[in-house]
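J.: First residue of the sequence shown? That's 9 in the working numbering, and the numbers climb one at a time after it. Quick reminder that beta carbons are idealized off the backbone N, C-alpha and C, glycines included. Just so you know, these numbers come straight off a predicted model, no measurement behind them. Here it is, the structure, as structure tokens.
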Amino acid sequence: MLIRRIILLSIVIPLSLFSSVKNLTLSQALNILDKKNLELKISRFNAQMKAYEAKAAKGHHFGKLDASVTAMRSNDAGNVFGFKLQSREANFGDFGFDQFLTPLGQAIGGAAQGKMPQDMSGLLQVKPDTLNYPKARNHYLTKLSYMLPLYTGGKLTEYGRITDALYEMSQFDTKKLMNEKIFQTKKTFYDISLVDNYIVNLSKIMKNINRLESIVRTMKKEGYAQEIDILEVQARKAEAQSMYNQAKLNRNLAYQFLSFLLNTEVSSIKKVKDMAPMPSVNQREYESNNIDIKKARLGLKMTKMAINVEKSNFLPTVGAFAEYGSADNEFWNEFRDKDFYTVGVQLKWNIFNGGVDAANLERAKVNYMKVQDQVLLAKRGIALKVKKLKTEIFSENANIRSYKKQLRFARQVYENYRVRYNEGIVSISDVLIKQSKELEVLLKLLGAKNIRNTKIFELNSILNKGGEV
Numbered sequence: 009m010l011i012r013r014i015i016l017l018s019i020v021i022p023l024s025l026f027s028s029v030k031n032l033t034l035s036q037a038l039n040i041l042d043k044k045n046l047e048l049k050i051s052r053f054n055a056q057m058k059a060y061e062a063k064a065a066k067g068h069h070f071g072k073l074d075a076s077v078t079a080m081r082s083n084d085a086g087n088v089f090g091f092k093l094q095s096r097e098a099n100f101g102d103f104g105f106d107q108f109l110t111p112l113g114q115a116i117g118g119a120a121q122g123k124m125p126q127d128m129s130g131l132l133q134v135k136p137d138t139l140n141y142p143k144a145r146n147h148y149l150t151k152l153s154y155m156l157p158l159y160t161g162g163k164l165t166e167y168g169r170i171t172d173a174l175y176e177m178s179q180f181d182t183k184k185l186m187n188e189k190i191f192q193t194k195k196t197f198y199d200i201s202l203v204d205n206y207i208v209n210l211s212k213i214m215k216n217i218n219r220l221e222s223i224v225r226t227m228k229k230e231g232y233a234q235e236i237d238i239l240e241v242q243a244r245k246a247e248a249q250s251m252y253n254q255a256k257l258n259r260n261l262a263y264q265f266l267s268f269l270l271n272t273e274v275s276s277i278k279k280v281k282d283m284a285p286m287p288s289v290n291q292r293e294y295e296s297n298n299i300d301i302k303k304a305r306l307g308l309k310m311t312k313m314a315i316n317v318e319k320s321n322f323l324p325t326v327g328a329f330a331e332y333g334s335a336d337n338e339f340w341n342e343f344r345d346k347d348f349y350t351v352g353v354q355l356k357w358n359i360f361n362g363g364v365d366a367a368n369l370e371r372a373k374v375n376y377m378k379v380q381d382q383v384l385l386a387k388r389g390i391a392l393k394v395k396k397l398k399t400e401i402f403s404e405n406a407n408i409r410s411y412k413k414q415l416r417f418a419r420q421v422y423e424n425y426r427v428r429y430n431e432g433i434v435s436i437s438d439v440l441i442k443q444s445k446e447l448e449v450l451l452k453l454l455g456a457k458n459i460r461n462t463k464i465f466e467l468n469s470i471l472n473k474g475g476e477v
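Next comes the structure, spelled out in structure tokens:
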């Protein structure tokens with residue numbers, strides 16, 4: 009029984025891994041896009057990193073506390089004496105007083121007995137072994153150090169605001185990418201629907217060609233048609249078949265691209281109308297909602313912050329620091345008895361640096377004026393693009409209306425010529441020419457609809473009417 013279950017699982021699990029979505033609706037596709045598109049995931053990770061960068065920048069306001077434990081061993085004279093001094097264990101013996109006090113005591117004793125003191129200057133030339141050649145000593149130093157910026161001329165505050173703005177900018181980038189992916193997803197849905205309609209129309213044309221071929225063969229048997237007529241129909245049939253196969257390949261390619269966008273295998277969709285709805289356009293709305301304009305405005309705020317950063321270079325900086333620790337030749341031995349502390353405040357103010365700060369400030373001001381013009385340019389550029397897209401959409405609407413009328417007329421003409429061919433009034437070449445005209449107009453109609461949909465989705469992206477980030 010257990011073996012059967014294992015075999016069943018080994019069959020079911022691979023099938024589930026390779027299963028694909030069928031009859032996918034556009035709203036479902038947009039939900040999957042929001043959750044699973046890899047480029048959007050990467051963009052959101054980038055935004056998340058910017059959020060942590062902003063948090064790190066604000067953390068500098070609270071200073072820095074470090075704990076350090078240092079273990080050393082040395083027989084260097086300076087180090088050993090320093091170790092003892094820092095451990096509060098230094099004594100006169102460490103200076104070699106054992107080699108100094110004995111002859112000094114003898115001299116003092118002789119003077120007390122009335123003897124003339126000898127020349128004592130030689131004592132000053134004695135090199136004490138204890139001081140110059142100490143024994144190796146261990147040293148354990150435990151220390152807490154805290155540094156706090158008290159005043160930076162506003163530099164830390166502006167850096168915090170700049171990193172917040174960079175995080176907001178990364179969200180705009182994600183939103184813009186989201187709009188682009190929505191554009192691509194919707195366009196792919198409409199492309200597939202258009203190709204499906206095109207394939208249906210091609211199928212009808214191929215059926216007409218098959219009927220025409222059957223009629224020609226019948227007429228050939230009766231002596232009213234020639235072999236060349238059949239070959240001509242078959243050539244047109246092969247051409248239509250080639251177009252049919254190419255359309256199916258294009259549809260498969262569109263499904264592959266949709267699967268890539270959604271990071272999910274899609275085998276079929278629920279068809280949408282082949283004409284995307286025209287969005288309403290309001291200048292005030294798109295000027296306040298357009299991502300590029302928002303980014304330009306945020307960039308202007310950031311350049312203002314950059315000016316404040318450059319101004320802070322003319323102001324002093326004040327910082328406080330404190331240290332607390334203990335040292336001994338044994339780790340954490342008599343910690344409180346041998347502890348120490350140091351506190352202080354430092355003020356630093358640059359007086360002269362060759363005009364570097366002044367030049368940087370002027371550069372920041374010029375950059376602010378440049379970005380002001382960039383904001384205005386973004387507004388006017390977007391307004392021009394919206395007008396251009398609207399004009400192009402209206403133009404394609406007119407073309408579509410015209411092609412629809414031409415297609416209806418071409419089909420009627422073809423039917424008329426087919427009947428007239430049956431009556432022997434026109435040649436098969438005339439019939440096929442009229443059918444070519446029908447196919448030509450059908451292709452033009454398909455192209456016009458595709459261009460119109462593309463322009464509408466591009467307009468939606470500019471108007472920022474996609475999903476949420």
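On the three-state DSSP scale, how would you describe K463?
T.: Walking along the sequence shown from the start, residue 463 turns up at place 455. The DSSP-derived three-state label of K463 is helix.
J.: Do you know how far the Cα of A65 is from the Cα of I19?
T.: For the purposes of this step, residue 19 is identified with residue 11 of the sequence shown, where counting begins at 1. For the purposes of this step, residue 65 is identified with residue 57 of the sequence shown, where counting begins at 1. Caution applies to I19, whose pLDDT of 43 falls short of 50 and renders its modelled position unreliable; the value that the coordinates give is listed next. When rounded, the distance between both Cα atoms is 53 Å.
J.: Pair every Cβ in the segment 409–419 with every Cβ in the segment 450–459, then say whether three or more of these pairs are closer than 8 Å.
T.: yes
J.: Would you mind giving the Cβ-Cβ distance between G327 and L158, rounded to the nearest angstrom? I have them listed as a contact below 8 Å.
T.: As a first step, residue 327 is located in the sequence shown; it is residue number 319 there, counting from the start. As a first step, residue 158 is located in the sequence shown; it is residue number 150 there, counting from the start. Their Cβ separation, rounded to whole angstroms, is 6 Å, which keeps G327 and L158 in contact under 8 Å.
J.: Return the first residue and the last residue of the beta strand (DSSP E) that A328 is part of.
T.: Numbered from 1 along the sequence shown, position 320 holds the residue referred to as residue 328. Per DSSP, A328 belongs to the beta strand (DSSP E) from 325–336.
J.: Are the segment 426–441 and the segment 194–203 touching, with three or more C-beta to C-beta distances below 8 Å?
T.: no
J.: Leaving out five residues before and five after V280 in sequence, what residues of the same chain have Cβ atoms less than 8 Å from its Cβ?
T.: Position 272 of the sequence shown, counted from the start, is the residue given in the question as residue 280. Correct list, in chain order: L34, F197, Y198, S201.
J.: Need the endpoints of the alpha helix (DSSP H) that F402 sits in, please.
T.: Against the sequence shown, residue 402 aligns to sequence position 394. Counting along the chain, the unbroken alpha helix (DSSP H) around F402 starts and ends at 364–430.
J.: Identify the continuous beta strand (DSSP E) that holds G90 and give its terminal residues.
T.: Position 82 of the sequence shown, counting from 1, holds the residue named residue 90. Looking at the DSSP string, G90 is not in any beta strand (DSSP E); the run it does join, the alpha helix (DSSP H), is 85–94.
J.: With contact counted as at least three CB pairs below 8 Å, one residue from each stretch, are the segment 328–339 and the segment 298–307 in contact?
T.: no
J.: Quick one: using the 10 Å Cβ neighbour count with 16 as the cut-off for buried, is V353 buried or exposed?
T.: For the purposes of this step, residue 353 is identified with residue 345 of the sequence shown, where counting begins at 1. It counts as exposed.
J.: Determine the DSSP secondary structure at Y141, reduced to helix, strand or coil.
T.: In the sequence shown, residue 141 corresponds to position 133, counting from 1. The answer is coil: DSSP assigns Y141 none of H, G, I, E or B.
J.: If you run the structure through DSSP and keep just helix, strand and coil, what is N54?
T.: Sequence index remark: in the sequence shown, residue 54 carries index 46 (1-based). Reduced to three states, the DSSP call for N54 is helix.
J.: Below 6 Å CB to CB, which residues in the same chain sit around Y175 once its five sequence neighbours on both sides are set aside?
T.: Looking up residue 175 in the sequence shown gives position 167. K58, A59, A62.
J.: D74 to L156, Cα distance in whole Å?
T.: Translated into positions along the sequence shown, residue 74 becomes position 66. Translated into positions along the sequence shown, residue 156 becomes position 148. About 12 Å.
J.: If we count the other Cβ atoms within 10 Å of its Cβ and call it buried at 16 or more, is E342 buried or exposed?
T.: For this step, residue 342 is matched to residue 334 along the sequence shown. Answer is exposed; the Cβ neighbour count stays below 16.
J.: So, is D237 buried or exposed, given that buried needs 16 or more other C-beta atoms within 10 angstroms?
T.: Position 229 of the sequence shown, counted from the start, is the residue given in the question as residue 237. With 16 or more Cβ atoms within 10 Å of its Cβ, D237 is classed as buried.
J.: Around the Cβ of G168, are there at least 16 other Cβ atoms within 10 angstroms (buried) or fewer (exposed)?
T.: Locating residue 168 in the sequence shown gives position 160, where the first residue counts as 1. Buried, since its Cβ has 16 or more Cβ neighbours within 10 Å.
J.: Please report the residue range of the beta strand (DSSP E) in which G352 lies.
T.: As a first step, residue 352 is located in the sequence shown; it is residue number 344 there, counting from the start. Note, G352: beta strand (DSSP E), 347–356.
J.: Nearest CA to the CA of L397: which residue from I464, K184, G363?
T.: Within the sequence shown, the letter at position 389 stands for residue 397. Measuring from the Cα of L397, the nearest candidate turns out to be I464.
J.: Among F329, S320, I50, which one has its Cα closest to the Cα of M186?
T.: Position 178 of the sequence shown holds residue 186. Considering only alpha carbons, the answer is I50.
J.: Suppose you measure from the CA of L210 to the CA of E47; what does that come to, to the nearest Å?
T.: Locating residue 210 in the sequence shown gives position 202, where the first residue counts as 1. Locating residue 47 in the sequence shown gives position 39, where the first residue counts as 1. Roughly 37 Å between the two C-alpha positions.
J.: Report the partner residues of A79 according to the DSSP bridge assignment.
T.: The residue labelled residue 79 in the question sits at position 71 within the sequence shown. DSSP lists Y148 as partners of A79.
J.: Looking at the structure shown, is M313 part of a helix, part of a strand, or coil, going by DSSP?
T.: For the purposes of this step, residue 313 is taken as the residue at position 305 of the sequence shown. In this structure, M313 counts as helix in the three-state DSSP scheme.
J.: Beta-carbon within less than 8 Å of I14's beta-carbon, same chain only, minus the 5 sequence neighbours each way: which residues are those?
T.: As a first step, residue 14 is located in the sequence shown; it is residue number 6 there, counting from the start. For I14, the predicted model reports a pLDDT of 40, less than 50, meaning its position is unreliable; a value from the coordinates is still stated below. So no residue of the chain qualifies.
J.: What is the DSSP secondary structure of V274, reduced to helix, strand or coil?
T.: The residue given as residue 274 occupies position 266 in the sequence shown. Three-state result, V274: strand.
J.: Does V208 pass the burial test, meaning 16 or more other C-beta atoms within 10 Å, or should it be called exposed?
T.: For the purposes of this step, residue 208 is taken as the residue at position 200 of the sequence shown. Its Cβ having fewer than 16 others within 10 Å, V208 is exposed.
J.: Would N209 pass as an interface residue toward chain B - the criterion being a Cβ-Cβ separation below 8 Å?
T.: Going by chain labels, chain B is absent from the structure shown, which holds only one protein chain.
J.: By how many angstroms is the C-alpha of A372 removed from the C-alpha of E331?
T.: One-based indexing of the sequence shown puts residue 331 at position 323. One-based indexing of the sequence shown puts residue 372 at position 364. Taking the straight line joining both Cα atoms gives about 39 Å.
J.: Compute the distance between the beta-carbons of K44 and L270, then report whether it is under 8 Å.
T.: Walking along the sequence shown from the start, residue 44 turns up at place 36. Walking along the sequence shown from the start, residue 270 turns up at place 262. It is a contact, given that the beta carbons lie within the stated cut-off.
J.: Among the residues of its own chain, which have a CB less than 8 Å from the CB of N483, if the five just before and after it don't count?
T.: Because the chain is modelled from 9 through 477, residue 483 falls outside the range shown and cannot be assessed.
J.: Using only alpha-carbon positions, find the residue among T78, R419, N205, K215 that is nearest to K151.
T.: By one-based count along the sequence shown, residue 151 stands at place 143. Ranking T78, R419, N205, K215 by Cα distance to K151 puts T78 first.
J.: Do Q414 and V449 have their beta-carbon atoms positioned less than 8 Å apart in this structure?
T.: Taking the first residue of the sequence shown as 1, we reach residue 449 at position 441. Taking the first residue of the sequence shown as 1, we reach residue 414 at position 406. Yes; because the gap between Cβ atoms is below 8 Å, this pair is in contact.
J.: Does DSSP put D74 in a helix, a strand or coil?
T.: Counting from 1 along the sequence shown, the entry for residue 74 is found at position 66. Residue state, collapsed to three classes: strand.
J.: Leaving out five residues before and five after K473 in sequence, what residues of the same chain have Cβ atoms less than 7 Å from its Cβ?
T.: What you label residue 473 is simply residue 465 of the sequence shown in a count that begins at 1. Cβ within range, chain order: P287.
J.: Using CA atoms only, rank isn't needed, just tell me which of I359, S435, G231 is closest to T503.
T.: Given that the chain is displayed from residue 9 to residue 477, the structure contains no residue 503 and the question cannot be resolved.
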